[in-house]
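**Q** Please see the structure below; I have some questions.
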Amino acid sequence: MLKLKPFEKEFAEFVAQKSSKGEASPAVINYCLRTTHLNKHLNGLRFLLQACLLGAPNGNTIETFLAEKSKDERRQGRALLCYLEAISVNDSWAACELMKRFCGYQPAFKKGEGFTLHLEERLEKFALNIQDALKSLRGKSSNNNKVDFYWGRSCVREIIKKYKDGKCSYEQMYDLTFNIMVQRPRLQDAIVSFFQEFLGRAEAERWVSLRPSSLNATNIPISQPQKISNVYAPFDDPDALAIPITTRVTVVQRREELMAAIEALNEAAESEFPFAGVDAEWSAYVPDSKASVLQVALQNQIFIFDLDKLPPDQSRKLFENLFGNRALIKVGFQFGEDLTKLRKVVPRTVFLYAPQSLLCITSVIAQVAIISWENDDPMISEEFLKKKEKEKEKGKRREKEKEDDSKKPPAVKDVVFKLKSLGLAKLVKAMTGMSLDKSEQCSVWNRRPLRTAQIRYGALDVSCLLLMMSKCLSYAKKWNVEIFGLMKPFYLEPSAMPLFFCDDCDPNIFPRIVIKEVLDELDEE
């Protein structure tokens with residue numbers, strides 16, 4: 001991550017200047033668009049227009065950028081995007097004029113003489129990007145639904161090497177290689193050569209015989225007995241967190257299973273332990289992927305909701321009953337991106353934008369930890385966090401400043417920041433003394449059927465959240481702290497509905513947005 005403080009304003013203005021000349025790279029433009037502390041220094045719609053003309057942002061980036069804008073700016077932004085989409089389809093000359101007007105591009109041409117090769121490439125990039133972005137913004141499948149060719153090649157080579165070095169299982173290697181090869185059949189020869197290089201002729205010949213063009217990238221056969229036989233199987237590490245045999249784990253794929261799970265959620269909301277651990281999984285090997293799995297842990301049972309198998313109306317019913325239930329407190333870990341991926345499953349579900357009683361476990365731990373430190377009964381070692389601080393701040397503070405800072409009581413937001421920087425596995429270790437296995441984190445989550453190891457991984461990721469919540473509750477009870485009141489200020493705030501699903505953002509309602517007036521206003525700024 002770029003460390004720009006205290007030069008954020010100067011950096012944003014520099015990028016805007018380069019964009020106005022058509023010289024800024026798409027990566028830098030996208031970074032500025034989705035980073036709040038940078039885009040607040042930018043002329044919003046003008047910069048967005050330049051970014052789109054240069055073929056930079058995708059639908060997610062545009063949505064993020066406009067989410068915090070005023071209603072008027074969002075309406076103008078939507079009108080502008082629709083106009084750009086229209087001219088990308090049937091008016092290349094209008095697109096070219098906008099490039100000249102807002103990106104400083106000065107091609108030597110006259111109407112009727114045709115485009116130069118360089119301009120032709122720019123127009124094609126603009127058209128493909130804006131049409132794909134608008135598809136995404138409307139909740140439709142993107143045209144760009146395959147893994148990048150060269151990145152996919154690199155991923156396969158890396159995981160074959162990892163398997164050879166004993167750093168992943170055969171089934172993990174098989175899943176990823178199969179998935180990428182079926183997405184990109186032209187990679188088959190390269191993949192075979194990687195197997196020949198690292199694992200020998202026998203394994204290479206196995207992949208020569210496959211016909212990727214006739215296969216389904218997510219319908220992946222389990223090619224040998226699975227590494228583990230059931231979700232309760234222990235790890236080689238005796239200190240690793242495992243699922244108690246008394247906890248029932250259910251994979252939900254059918255309507256009757258869903259209705260039983262919803263009933264269990266409602267019962268939990270009325271119980272003495274009204275908490276649910278929540279987490280989602282998606283494939284990293286599909287561009288703009290949606291959540292494939294949603295895991296929910298209750299006190300004595302865990303549900304693995306197969307979102308790729310449940311029909312959209314049933315997924316919506318699940319989201320409404322889970323995230324719309326105010327009495328059931330949902331506990332996640334940095335759940336923002338999970339929500340983004342869940343919204344792609346059923347885009348118009350209101351409670352995915354305004355979830356009730358949802359918070360990050362770090363907010364709870366931070367508050368209870370501070371109370372425990374004040375009472376000389378630490379729930380989590382304060383030195384553990386200080387060590388992390390020193391590593392990051394090494395060489396940047398004088399000793400006296402360190403001494404002065406250590407005398408100040410820690411603020412909740414500071415502790416939350418440090419806890420998040422640990423990552424979930426280290427946080428579990430600090431809270432429970434046990435390790436959390438993360439070996440399936442980057443597995444192919446849209447493969448079907450799910451492997452037993454994936455189900456176990458998903459179940460552990462949510463059960464550990466309730467384990468840490470239980471520890472917080474016990475410490476709060478010890479010091480007579482009313483924890484429910486402490487948690488409420490940290491519930492996730494509602495976010496804006498998607499730009500194209502929000503009636504208030506319709507540019508055609510009164511007063512109607514006139515695109516010429518918008519462009520003229522941006523040109524004067």
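The opening residue of the sequence shown carries number 1 in UniProt numbering; numbering runs sequentially from there. Where a beta carbon is used, it is the ideal one built from N, C-alpha and C, also for glycine.
(1) Is the distance from the Cβ of VAL278 to the Cβ of PHE335 below 8 Å?
(2) So, at 8 Å on beta carbons, what are the nonlocal neighbours of GLY139 in its own chain, with the 5 sequence-adjacent residues on each side left out?
(3) Nearest to ALA459 by alpha carbon, out of TYR285, GLU281, LEU307, ASP308?
(4) Using a threshold of 8 Å, state whether the C-beta atoms of ARG34 and PHE65 are closer than that.
(5) Per DSSP, which one or two residues make a beta bridge with GLN295?
(6) To which residues of the same chain is PRO494 closer than 7 Å at the C-beta, ignoring the five residues directly before and after it?
(7) To the nearest angstrom, how far is it from the Cα of VAL251 to the Cα of PHE305?
(8) What does the alpha-carbon distance come out to for the pair SER223 and GLU171?
(9) Residue range of the alpha helix (DSSP H) that LEU473 falls in?
(10) Taking 8 Å as the cut-off, decide whether the C-beta atoms of ASP308 and SER292 are in contact.
(11) With DSSP collapsed to three states, give me the class of GLY412.
(12) DSSP on ASN508, reduced to helix/strand/coil?
(13) For a minimum of 4 consecutive residues, which ranges assigned as the alpha helix (DSSP H) are wholly contained in the region 26 to 58?
(14) Once DSSP output is grouped into helix, strand and coil, what is the label at ALA240?
(15) How many angstroms separate the CA atom of ASP91 from the CA atom of ARG512?
(16) DSSP three-state call for LYS400: helix, strand or coil?
(17) For LEU492, which of VAL364, LEU294, ARG248, MET431 has the nearest alpha-carbon?
(18) Give the single residue among ARG46, GLY423, GLN76 whose Cα lies nearest to the Cα of PHE102.
(19) Mapping DSSP to helix, strand and coil, what is GLY324?
(20) Taking 8 Å as the threshold (C-beta atoms), are GLN226 and ALA496 in contact?
(21) Could you check what DSSP says for ARG206 in three-state terms: helix, strand or coil?
(22) For LEU514, which of helix, strand or coil comes out of DSSP?
(23) Please state the DSSP three-state secondary structure of ASN90.
(24) Since I believe ASN179 is in contact with ARG448 (beta carbons under 8 Å), could you give me their beta-carbon distance rounded to a whole number of angstroms?
(25) For VAL251, write down the residues that DSSP places opposite it in a beta bridge.
(26) Quick one: Cα of ASP520 to Cα of LEU49, how far?
(27) Which full runs of the alpha helix (DSSP H) of 4+ residues lie inside the region 111 to 192, going along the chain?
(28) Which of the three DSSP states is assigned to SER223 in this structure?
(29) Below 8 Å CB to CB, which residues in the same chain sit around ILE159 once its five sequence neighbours on both sides are set aside?
(30) Comparing alpha-carbon positions, which option in LYS71, ASN300, ASN60, SER439 lies nearest GLY166?
(31) Exposed or buried, what is THR246 when buried is set at 16 or more other beta-carbons lying within 10 Å of its beta-carbon?
(32) Any contact between the region 259 to 267 and the region 316 to 324? By contact I mean 3 or more CB pairs, one from each, below 8 Å.
(33) Give me, in chain order, the residues of the same chain whose beta-carbon lies closer than 8 Å to that of GLU391; leave out the 5 immediate sequence neighbours on both sides.
(34) By DSSP's criteria, CYS360 is part of a beta bridge. Which residues make up the other side?
(35) How is ARG201 classed by DSSP in three states: helix, strand or coil?
(36) So, is VAL208 buried or exposed, given that buried needs 16 or more other C-beta atoms within 10 angstroms?
**A** The short version:
(1) yes
(2) LYS344, PRO347, ARG348, PRO498, PHE500, PHE501
(3) GLU281
(4) yes
(5) ASP279, ILE304
(6) TYR353, ALA354
(7) 6 Å
(8) 8 Å
(9) 452 to 478
(10) yes
(11) Per the sequence shown, the amino acid found at residue 412 is Val instead of Gly. Looking at VAL412 - three-state DSSP - the assignment turns out to be helix.
(12) coil
(13) 26 to 34, 36 to 39, 44 to 53
(14) strand
(15) 23 Å
(16) Since pLDDT at LYS400 reaches only 42, below the 50 mark, its modelled position is unreliable, and the value read off the structure follows with that caveat. The answer is helix: DSSP assigns LYS400 an H, G or I state.
(17) VAL364
(18) ARG46
(19) coil
(20) no
(21) helix
(22) Note that residue 514 is Val in the sequence shown, not Leu. Coil.
(23) helix
(24) 11 Å between Cβ atoms; not a contact.
(25) ILE304
(26) 13 Å
(27) 117 to 137, 149 to 164, 170 to 183
(28) coil
(29) CYS168, GLN172, MET173, LEU176, THR177
(30) SER439
(31) exposed
(32) yes
(33) Legend: pLDDT at GLU391 = 46, less than 50; position of this residue unreliable, no value from coordinates given.
(34) GLY332
(35) helix
(36) exposed
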